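Chains as they are written, first to last, in my numbering: chain A, 4 to 341; chain B, 6 to 199.
Where is the CB? At the ideal position from N, CA and C, for every residue including glycine.
Values in this document were obtained by computation on a predicted structure and should not be read as measured data.
Scroll down for the structure; my scribbles are underneath it.
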Amino acid sequence: MSTSALTASAMSLSRNEAGKRFCHTEDAGALEELRAEVIGTLKSDQWERPWHIYDLDVMPPVDITHLVERGLMTPAFSEEAGEARGFAVYGNNQASLEINGLDHFNLIGFREGDQLESLWSLLSVLDDRLEAVVSYAFDPRWGYLTAYPGKAGTGLRAYATLHVPALMLTGKLAATALELVGHGLGIAPLWGGAGGVVQISNIARQTGPESDIVAEVENMSRAITEKERSVRKMLMREHPVQARDQIGRALGVAQHAWMMTFQEAVNLISAGQVGLEQGLVEAPGLAAESAFSLMSRLQPAHIVIDHMEVKTDCLDSPEIGEIRARVMREVFAGSSVR
Amino acid sequence: MFAEESPDWNLDLGGSADCELCGEEPATMHLLRVVDGTVSHTHLCAHCAEGMAEQTEGLALVLAVPSVLRRLSKKSSGDREATAGAASASREESFCGVCGTTLSDLRESGMVGCANCYGVFADHLEATVSRGAEPIEHLGKVPLRGPESDSLRHEMMRLERMLRELVAHERFEEAAGVRDRLADLGQRLDGAEA
Numbered sequence: 004m005s006t007s008a009l010t011a012s013a014m015s016l017s018r019n020e021a022g023k024r025f026c027h028t029e030d031a032g033a034l035e036e037l038r039a040e041v042i043g044t045l046k047s048d049q050w051e052r053p054w055h056i057y058d059l060d061v062m063p064p065v066d067i068t069h070l071v072e073r074g075l076m077t078p079a080f081s082e083e084a085g086e087a088r089g090f091a092v093y094g095n096n097q098a099s100l101e102i103n104g105l106d107h108f109n110l111i112g113f114r115e116g117d118q119l120e121s122l123w124s125l126l127s128v129l130d131d132r133l134e135a136v137v138s139y140a141f142d143p144r145w146g147y148l149t150a151y152p153g154k155a156g157t158g159l160r161a162y163a164t165l166h167v168p169a170l171m172l173t174g175k176l177a178a179t180a181l182e183l184v185g186h187g188l189g190i191a192p193l194w195g196g197a198g199g200v201v202q203i204s205n206i207a208r209q210t211g212p213e214s215d216i217v218a219e220v221e222n223m224s225r226a227i228t229e230k231e232r233s234v235r236k237m238l239m240r241e242h243p244v245q246a247r248d249q250i251g252r253a254l255g256v257a258q259h260a261w262m263m264t265f266q267e268a269v270n271l272i273s274a275g276q277v278g279l280e281q282g283l284v285e286a287p288g289l290a291a292e293s294a295f296s297l298m299s300r301l302q303p304a305h306i307v308i309d310h311m312e313v314k315t316d317c318l319d320s321p322e323i324g325e326i327r328a329r330v331m332r333e334v335f336a337g338s339s340v341r
Numbered sequence: 006m007f008a009e010e011s012p013d014w015n016l017d018l019g020g021s022a023d024c025e026l027c028g029e030e031p032a033t034m035h036l037l038r039v040v041d042g043t044v045s046h047t048h049l050c051a052h053c054a055e056g057m058a059e060q061t062e063g064l065a066l067v068l069a070v071p072s073v074l075r076r077l078s079k080k081s082s083g084d085r086e087a088t089a090g091a092a093s094a095s096r097e098e099s100f101c102g103v104c105g106t107t108l109s110d111l112r113e114s115g116m117v118g119c120a121n122c123y124g125v126f127a128d129h130l131e132a133t134v135s136r137g138a139e140p141i142e143h144l145g146k147v148p149l150r151g152p153e154s155d156s157l158r159h160e161m162m163r164l165e166r167m168l169r170e171l172v173a174h175e176r177f178e179e180a181a182g183v184r185d186r187l188a189d190l191g192q193r194l195d196g197a198e199a
């Protein structure tokens with residue numbers, strides 16, 4: 004069981020082909036040519052692991068949402084409707100490649116835990132291999148050129164997902180966000196901020212080196228994690244009854260609800276996880292896997308893919324809420340406040 | 006997975022460029038508040054954002070709108086360049102011959118259409134994207150297949166930066182070595198371009 008507030012790492016690397024206009028100004032034919040060339044390369048045997056190529060034109064919406072929920076596709080790319088878009092996943096979901104989205108190429112990596120350095124190592128290698136067929140748009144002063152000049156430079160965006168319910172509850176997250184700005188970082192709520200799950204990333208233009216960007220995001224993540232730990236201790240010390248009450252209520256709802264939205268489930272898991280980490284709760288099912296992993300598999304498309312025999316495309320189907328509540332009852336069975 | 010980001014982060018700025026509370030300072034923060042399930046967005050300066058976040062009950066998140074990106078917004082860059090007088094009027098006419106993007110397009114969307122735009126709109130981009138920052142020098146990864154001159158230029162920029170730091174710290178002996186190395190690279194660059 005993870006006791007770290009840093010729950011997941013993600014990364015994206017934007018690149019463009021030097022000989023072509025950026026996607027929003029390029030002809031469909033030229034983009035199609037680029038897609039075909041790169042897809043052909045992905046199918047070759049020069050890679051250590053195979054790429055799985057997806058045909059976005061025939062994919063059901065629930066499958067696309069499932070890719071977004073697993074961190075293999077960005078929400079922006081899933082919602083775009085540009086020309087000649089392509090998508091592929093590397094190996095056993097280690098990385099993925101968006102083709103002809105906002106930029107010609109966007110390499111993506113996502114892993115649970117503190118994994119930014121290893122993600123950068125992998126994406127950099129894939130980036131080098133891709134360059135065997137693509138001549139990247141690059142300027143010695145600006146770095147890698149992108150459709151948004153504010154993002155030109157390394158093209159790297161590093162994300163750390165943090166579980167910080169105590170900072171959010173006490174309103175201390177605002178001060179943290181202000182501090183992040185000074186370091187060129189920003190903070191955004193994941194899943195609408197449910198459960199105090201947020202994501203920090205580099206947003207100001209940074210010219211690198213990439214290892215410095217990764218280190219900056221990691222260092223700030225650790226600092227925020229420490230702050231979260233200290234605020235949790237303070238809450239337990241100064242408001243022990245209220246803390247037990249909130250956590251106990253969460254366990255009660257998790258054990259007895261028959262319908263549940265995703266946001267509610269995330270809030271309940273978050274409270275249970277805090278109770279577990281503070282030693283207030285006995286929850287064998289919750290302790291058996293990371294809270295982030297449990298939250299992830301309760302997302303709508305995960306429920307459809309993992310639990311429903313008839314795969315509905317309606318992600319608002321009431322049945323999804325029923326199944327989610329059932330999974331929660333199973334996970335929280337036998338849980339209690341000490 | 007990736008958080009859904011505020012539209013402000015993608016330069017599509019519909020909000021005010023000035024703080025909506027004090028109206029005096031530039032709005033560099035985006036305060037997102039969720040109170041009893043109702044979401045509200047406000048653009049504020051850093052000082053007002055801090056004050057308002059502290060007063061907000063319920064969930065309050067301050068999202069940083071990077072000021073360098075905000076400057077690319079239609080409103081802020083339009084306002085600024087309107088005061089630049091005749092120089093602005095002449096730049097208004099510029100457009101990229103490769104992709105057809107005009108300066109107005111760039112101001113409107115914050116996007117350039119191709120690599121060539123970086124040269125065509127260099128003045129505008131330098132003024133907006135890199136304002137307030139150190140001189141733009143890419144210190145990260147470089148393409149493996151780039152022309153030799155790209156690698157040489159990159160290395161020269163790195164050494165120039167090092168030279169400035171050494172001189173600033175009065176480490177003249179080491180600076181002399183770096184200067185010689187720069188001269189060598191300059192000759193190689195001339196050769197590569199020839």
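When the alpha-carbon of Ala-21 (chain A) is set against those of A:Glu-29, A:Met-14 and A:Ser-15, the nearest one is in A:Glu-29.
Rounded to whole angstroms, Arg-329 (chain A) and Met-34 (chain B) show a C-alpha spacing of 41 Å. Following the DSSP letters along the chain, one finds Gly-251 (chain A) in no beta strand (DSSP E) but inside the alpha helix (DSSP H) bounded by residues 243-259. Taking C-alpha positions only, His-174 (chain B) is separated from Leu-181 (chain A) by approximately 33 Å.
Beta-bridge pairing by DSSP links Asp-142 (chain A) to A:Gly-146.
Around Leu-111 (chain B), the same chain offers Val-117, Phe-126 and His-129 as residues with beta carbons nearer than 7 Å, after the five sequence neighbours per side are excluded.
A buried status is given to Trp-194 (chain A), since no fewer than 16 other beta-carbon atoms sit within 10 Å of its beta-carbon. Taking a C-beta distance under 9 Å as the contact criterion, Asn-96 (chain A) and Leu-119 (chain A) do not qualify as a contact pair. Contact annotation: Asn-109 (chain A) and Thr-77 (chain A) have beta-carbon atoms nearer than 9 Å.
Phe-90 (chain A) carries a strand assignment under DSSP once its states are collapsed to helix, strand and coil.
Not a single CB atom of chain B sits nearer than 9 Å to the CB of Glu-36 (chain A). The beta-carbon of Phe-177 (chain B) is placed no less than 9 Å from the nearest beta-carbon of chain A. Within chain A, the residues placing a beta-carbon under 9 Å from that of His-143 (chain B) are Phe-141, Asp-142, Pro-143, Arg-144, Trp-145, Gly-146, Tyr-147, Ala-155, Gly-156, Thr-157, Thr-210 and Gly-211, ordered along the chain. Annotated as proximal: His-27 (chain A) and Gly-85 (chain A), with beta-carbon spacing under 9 Å. Within a 10 Å sphere around the beta-carbon of Cys-27 (chain B) sit fewer than 16 other beta-carbons, which makes this residue exposed. Out of A:Val-256, A:Arg-144 and A:Gly-89, the CA that lies nearest to the CA of Asp-58 (chain A) is found in A:Gly-89. Short of 7 Å from the beta carbon of Gln-266 (chain A), and not among the five residues preceding or following it, lie these beta carbons of its own chain, in chain order: Trp-194, Gly-195 and Ala-197.
In the three-state scheme derived from DSSP, where H, G and I count as helix and E and B as strand, Pro-63 (chain A) is classed as coil. No Cβ-Cβ contact shorter than 9 Å links Thr-157 (chain A) with Ile-111 (chain A).
Within the segment 229-262 of chain A, contact with chain B at the beta-carbon level (separation under 8 Å) is assigned to no residue. In chain order, Trp-123, Thr-157 and Leu-159 place their CB closer than 7 Å to the CB of Glu-213 (chain A), counting only its own chain and leaving out the 5 sequence neighbours on each side. When Cβ-Cβ separations below 9 Å define contact, Leu-181 (chain A) makes contact with chain B. Restricting attention to A:Val-200, A:Val-220 and A:Val-313, the CA atom closest to the CA of Ala-207 (chain A) is found in A:Val-220.
Restricting attention to A:Leu-279, A:Leu-283 and A:Asn-270, the CA atom closest to the CA of Met-298 (chain A) is found in A:Asn-270.
Between the segment 129-137 of chain A and the segment 36-50 of chain A, the count of C-beta pairs closer than 8 Å reaches three or more; the two stretches touch. For Ala-173 (chain B), the closest Cβ of chain A is not nearer than 9 Å. Residues of chain B with a Cβ closer than 8 Å to the Cβ of Gln-202 (chain A) are, in chain order, Phe-7 and Ala-8. Within the same chain, Cβ atoms closer than 7 Å to the Cβ of Ile-323 (chain A) are found at Pro-303, Ile-306 and Val-307, the five residues on either side in sequence being excluded.
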